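Following full-length UniProt numbering, the numbering of the sequence shown begins with 1 at its first residue and continues without gaps. For glycine and all other residues, C-beta sits at the position ideal for the given N, C-alpha and C. On a predicted model such as this, the values are computed, not experimentally measured, just so you know. Worksheet for the structure shown next.
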Amino acid sequence: MTTAQAQARIEQLRAELVRHDERYYREARPEIGDFEYDALKKELAELETKFPELAAGETPTQRVGDDRSEGFVRVKHRMAMTTLDNTYDETELREFHARLVKAIGSDDLAYTVEPKIDGVAVSLTYENGKLMRAVTRGDGEEGDDVTANVKTIRGLPHALKADEKSGDDLFVTAAFPEVIEIRGEIFLRDAEFTRINQIQEEAGEALYANPRNLAAGTIKQLDSKLVATRRLEIVLYGLGACKPIQAGFDSQSSFQAQLRAWGLPVVEKFWAVRGIDAVWASIGELDAMRRGFAYATDGAVVKLDQFLQQAVVGYRGAGQAARKLSPRWACAYKFAPDRAETRINAISLQVGRTGAVTPVAELEPVLLAGTTVKRATLHNADEIARKDVRVGDFVLVEKAGEIIPAVIEVVMAKRTPECVAYVFPTECPVCETPLVREEGGVKWMCPNVACPEKVRRKIEHFASKASLDIDGLGEEVVDLLLTKGLIKTIPDLFRLKVEDLLPLKKSGEVWATNLVNGIAARRTADLWRVIHGLGIPQVGAASAKDLARRFRSLDALATAGLNELVQIEGFGEKTAEAVRKWFGEETNRAMVAELQVAGLAPTPPAEAAAGGALVGKTVVLTGTLPTLSREQATEKIETAGGKVSGSVSRKTHYVLAGEEAGSKLEKAKSLGVPVLDEAEFLKLIGEN
Ligand SMILES: [Zn+2]
C-alpha cells in the first residue's frame, strides 16, 4: 500500500468511525454491530502504526466515545473513566499476559475474570455511605448527571449497608469511605427489552436495536417518571477515586467482596485465578453458561487482581495529550457474535406510516442463534451502497441481541457475475411517486400523502392499542375495509354503517354491530390518544399527553404557535416544529375538521383544581423532604395544577428541595430558579 492509498483509507475509516460513534453514543441507534465496528477500528489502528506520519491529529483510535447530550448537567469524574482494549483472539489475550509478565517480572500473576455485561457505563459516587450522584462516562473526563434516573433503579441501595464484621478482616472495613466512585453498568434484561419494544411497535415508533441501546436511550430520558416505568438494572464492579485512598481493600477480588458486603448488586459469578491458562479456562466456562443469563453478556473482562500491580503497569496514554485511555492491566475478551452465511433472494422495500422506505433482505432461510431467519434489515440505501449488497450475494447475517437480524457483509469470494449492483429505486414501490431524501437524514421517503401503504399504516396506527385502542379494528380488519373500498381515510371509520359491513362476512351481523359500536365508543377517547393517533412526526404517547394537558382541545392545539409549543417542558424545537408543520398542512387540518364533523369529541385530561396555585408551572423535586414522600409531593403538585419534571432547566418554575439535594439544587441556583423547602411549598399551595 502506498502512502497516498493509506492516507485515503485512513481518512475514510476515520470519517466512518466518527459517524458510527455518533450513532452509537449519542443517538443510541447504531447501524453496525460491535464486531464490525471493532474490525474497522482495528484496521485504522494498524494503518496508523504502519504509517506513523499519518497518525497525527484527531483520530477515533485515540479517544473514547462521547455520550454527553443536551439537557443534562455535566459533572467531572474524580478519576477518569476509561474503556478497555478489546480482543476476539486467544493469541492476543496471551500477548496481554506476556506484556504483564515482562512489566511485573513474575509469571505467577493473579487475575479476576468477570462477565462483560453489554450495558451503559456509569459512575456512582457514595459519600459516607450515601448515594450522592450518578454520572455517565461521557468523554471519559466528564459525563452527564443522571442521578434522578439511576435512583429509579430497583435493587440499587441509596445507602450502603453497614458491615456486620467486627473489623478483624483486613479487607472488609467497618467505616464507609468519605468519598468513593463505584463504576458499573446499567442494563436491561432481554424480557424487559422485548416488552418495551412491543409497546414501541404498537405506537408505530422506531424499535430499539438491542437491550444496550434501549438502556442507553432510557438513562438519557429527561423524564425520570418515564425511566421508572422501565426496569433498568445495574451491576457494579469497578473502583474509581476513593478517599481515604484504598479504604481497606487492595485487590479487585477483595473490592468485589466489599461491594457485596455493602449490599450492592454485583456480577453473579466471577473467577479469581492464577496464570493465563486458568484465565482461558474460566472464559470457556463463562461462554458455556452465558446463554443461560437473562441479559446480554458479550465477553469476559480479565483484570490483574492486585491493585499494587495495576499501579505498576498503569495506563496506555495518548502521547502528548496527557490523558489516560485504557488500563494496561485489564483486557476485554469478546465472544464473536452469532452469525450465519446465507443467500439474498430478493431485496424488498417497506413503506412506513411516515413514508420512510426501508430495504429488507429476503433470505434463503437459515438457522441463527436458535431461530430461523428469513429476513434481515439493510437499514437504508447508503448502507446497501457502502456494503455493496446485491441480490444473489452470499452474506453474513448477525443477530447479537438484536430482534431484527442485520446483514453484516457480503462474502465477496462467492459473488457470481450475474450479481449486478443494486439500484435503489427512485420511486415509491407502492404508488410510484418519486422518492425524496429525508431532511438531514439518510432515509428515502414517499412524499405522497395519498400513498395507499402510508394510508393503511396511518389508519392502523390510529386504531391501535397505543392510540384510540378501537376494539376489533386490528390490521386485518383495516386491510379488509381498505381493499373493499369502505374506507379511504381515518374519518371514514366514523362513518361506517352496519349495513355497509354485512356483505364482508358470512353471517357477520354480530361482528359488524360490534365493530361499529366499538368505533362509536371511542368518539370520546382521551384527547392524548387522539393526538397520538394523528401520527404527528416526533410525537409519541408522552408528548401527546403533554400536548393534551397544555392545550386541552384539538382546536387549541391546531392554532398553537411555535413559542407556545417550545414552552412545554421536555419539548425541543424539533418536536415543536414538527407539530407546527403538521397542523400547517391543509390536508391535516381538513382531516381534523372532518373527524370533528364525524362526531369525534375527545375528552380532555381531568381539570386541575380550578385556580390551583401551580397551574402551568413546572416543579422539580430533589432530595428527601421532612414529611412528604416523593409520591405525596407529586400528587400535591399535580392537584394544584402543576407538572413534575425530572430535570432542572430554564423552563422550571420551582425546585422543591429536601435534605441531601444534589446537583439539581446547584443547577437551580445557577439558573436562578426559585428553591422551596417543604414548608414554603405547602404555604404556596395553600395547605399551611
Ligand atoms: Zn408511496
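- Comparing alpha-carbon positions, the option among 604, 657, 634, 592 lying closest to residue 623 turns out to be 657.
- At least 9 Å separates the beta-carbon of residue 504 from that of residue 470.
- Relative to ligand 1, the beta carbon of residue 453 is positioned inside 8 Å of a heavy atom.
- Within the chosen limit of 8 Å, ligand 1 does not reach the beta carbon of residue 535 with any heavy atom.
- Per DSSP, the beta-bridge partners of residue 427 are 434.
- In this structure, residue 436 has its CB at a distance of at least 8 Å from all heavy atoms of ligand 1.
- Exposed is the label assigned to residue 627, since fewer than 16 other Cβ atoms lie within 10 Å of its Cβ.
- Using a 10 angstroms sphere on the CB of residue 485, the tally of other CB atoms stays under 16, which defines it as exposed.
- Distance from the CA of residue 681 to the CA of residue 669, rounded to the nearest whole angstrom, comes to 17 Å.
- Scanning its chain for C-beta atoms nearer than 6 Å, with the 5 sequence neighbours on each side dropped, one finds around residue 179 the residues 127, 243, in chain order.
- The Cβ atoms of residue 273 and residue 110 sit closer than 9 Å to each other.
- Ranked by how close their Cα comes to the Cα of residue 152, the residues 102, 218, 87 have 218 in first place.
- Excluding its 5 nearest sequence neighbours in each direction, residue 634 has C-beta neighbours in its own chain below 6 Å: 644, listed in chain order.
- Taken in chain order, the complete alpha helix (DSSP H) segments of 4 residues or longer contained in the segment 431 to 477 are 452 to 463.
- Secondary structure within the segment 490 to 578: the alpha helix (DSSP H) runs of 4 or more consecutive residues, fully enclosed, are 498 to 501, 509 to 521, 527 to 533, 541 to 551, 554 to 558, 562 to 566 (chain order).
- In terms of side-chain proximity, the C-beta atom of residue 440 is found no nearer than 8 Å to any non-hydrogen atom of ligand 1.
- Looking at the DSSP output, residue 419 bridges to nothing.
- The Cβ-Cβ distance between residue 15 and residue 51 does not fall below 9 Å.
- For residue 362, the enclosing beta strand (DSSP E) begins and ends at 356 to 368.
- For residue 358 against residue 342, the beta-carbon gap comes to about 20 Å, at or over 8 Å, which does not count as contact.
- For the set 78, 639, 396, 387, the Cα lying nearest the Cα of residue 336 is the one of 396.
- For residue 115, the enclosing beta strand (DSSP E) begins and ends at 110 to 117.
- By the criterion of at least three beta-carbon pairs nearer than 8 Å, the segment 139 to 151 is in contact with the segment 71 to 79.
- Two segments are said to touch when three or more pairs of C-beta atoms, one from each, lie closer than 8 Å; by this definition the segment 512 to 525 does not touch the segment 545 to 562.
- For residue 299, the uninterrupted beta strand (DSSP E) run begins and ends at 297 to 304, by DSSP.
- Residue 286 carries a helical assignment under DSSP once its states are collapsed to helix, strand and coil.
- Residue pairing by DSSP places residue 136 opposite 122 in a beta bridge.
- Three or more Cβ pairs drawn from the segment 351 to 365 and the segment 437 to 456 lie within less than 8 Å of each other, which places the two stretches in contact.
- In this structure, the beta-carbon distance from residue 363 to residue 345 falls below 9 Å.
- Secondary structure note for residue 37: its alpha helix (DSSP H) is the uninterrupted segment 34 to 50.
- Of the residues assessed, residue 602 falls on the buried side of the cut-off, its CB having 16 or more other CB atoms within 10 angstroms.
- Of all alpha-carbon atoms in 457, 489, 488, the one lying nearest the alpha-carbon of residue 474 is that of 457.
- At a Cβ-Cβ threshold of 9 Å, residue 90 and residue 280 count as neighbours.
- The C-beta separation of residue 86 from residue 334 comes to about 5 Å, placing the pair in contact by the 8 Å criterion.
- Three or more Cβ pairs closer than 8 Å define a contact, and the segment 182 to 193 meets that threshold against the segment 108 to 124.
- At least one heavy atom of ligand 1 falls within 8 Å of the beta-carbon of residue 433.
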